């Protein structure tokens, strides 16, 4: 439980399912895991989390930064996600697609995960089964910065 509590950097790849409060207060680490218990990505302020399996309830409660990608082939994730500060969207942006594919590839290379290999074998079909979890205010700030840079 509480793996990555307050992590500020680094990468980790977990072949298997984590307990409760995975990536709580994550502030910059990158993680790939094959499932999480309740309260995943709670109070997350930065970093990236990829979940290649089921989640528990209250995912993303208080999440104000960073991004999570959750595999949701049966479309059961939305009711488990705390939508008070985040929105769910399809993974369409080319940068997101590249990042997600790269992290799943790294997970497979580092762990030998059959879950990751199975997704890579049917890519891009698998891409359509992912949901991007993005804090609403964080997204607004990023979009404003993009607009200013253009």
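Numbering (my numbering), first residue to last: 1372 to 1521.
Even glycine gets a Cβ: it sits at the ideal position worked out from N, Cα and C.
Being a predicted model, the structure only gives us computed values, none of them experimental.
Exercise. Hey, how far is the Cα of residue 1421 from the Cα of residue 1514?
Worked result: In the chain shown, residue 1421 corresponds to position 50, counting from 1. In the chain shown, residue 1514 corresponds to position 143, counting from 1. Distance from the CA atom of residue 1421 to the CA atom of residue 1514, rounded to whole angstroms, is 22 Å.
For this session: Compare the C-alpha of residue 1401 against each of 1413, 1384, 1391 and name the closest.
Result: Taking the chain shown and counting its residues from 1, one reaches residue 1401 at position 30. If we check each option's Cα against that of residue 1401, 1384 comes out closest.
For this session: Quick one: residues in its chain with C-beta nearer than 8 Å to the C-beta of residue 1380, no 5 flanking neighbours on either side, listed in chain order?
Result: Taking the chain shown and counting its residues from 1, the one referred to as residue 1380 is at position 9. Excluding five sequence positions before and after residue 1380, the CB atoms of its chain that fall closer than 8 Å to its own CB belong to 1399, 1400, given in chain order.
Problem set entry | Element boundaries [beta strand (DSSP E), containing residue 1450] | The residue given as residue 1450 occupies position 79 in the chain shown. For residue 1450, there is no enclosing beta strand (DSSP E), since its DSSP letter is neither H nor E.
Exercise. Just how far apart, CA to CA, sit residue 1412 and residue 1425?
Worked result: Translated into the one-based positions of the chain shown, residue 1412 becomes position 41. Translated into the one-based positions of the chain shown, residue 1425 becomes position 54. Distance between residue 1412 and residue 1425, taken at the CA atoms: about 13 Å.
For this session: Over the uninterrupted alpha helix (DSSP H) stretch that includes residue 1375, give me the two end residues.
Result: Position 4 of the chain shown, counted from the first residue, corresponds to residue 1375. In the DSSP assignment, residue 1375 falls outside any alpha helix (DSSP H) and carries neither an H nor an E.
Exercise. Could you give the distance in angstroms between the alpha-carbon of residue 1389 and the alpha-carbon of residue 1429?
Worked result: Numbered from its first residue, the chain shown carries residue 1389 at position 18. Numbered from its first residue, the chain shown carries residue 1429 at position 58. Taking the straight line from one Cα to the other gives about 15 Å.
For this session: In the DSSP assignment, find the unbroken beta strand (DSSP E) run with residue 1498 in it and report its ends.
Result: Walking along the chain shown from the start, residue 1498 turns up at place 127. Taken as a continuous stretch (DSSP letters only), residue 1498 belongs to no beta strand (DSSP E), as it is neither H nor E.
Problem set entry | Three-pair Cβ contact test at 8 Å for the stretch 1491-1511 versus the stretch 1458-1465 | Taking one beta carbon from each stretch, the stretch 1491-1511 and the stretch 1458-1465 have 3 or more pairs nearer than 8 Å; the two touch.
Problem set entry | Helix, strand or coil at residue 1408 [DSSP, three-state] | Your numbering for residue 1408 matches position 37 in the chain shown. When DSSP states are grouped into helix, strand and coil, residue 1408 belongs to the coil group.
For this session: Out of 1449, 1497, 1453, state which residue places its alpha-carbon closest to the alpha-carbon of residue 1472.
Result: What you label residue 1472 is simply residue 101 of the chain shown in a count that begins at 1. With distances taken between Cα atoms, residue 1472 lies closest to 1497.
For this session: Take residue 1394 as the anchor and find which of 1375, 1405, 1382, 1404 has the nearest alpha-carbon.
Result: One-based indexing of the chain shown puts residue 1394 at position 23. The candidate whose alpha carbon is nearest that of residue 1394 is 1375.
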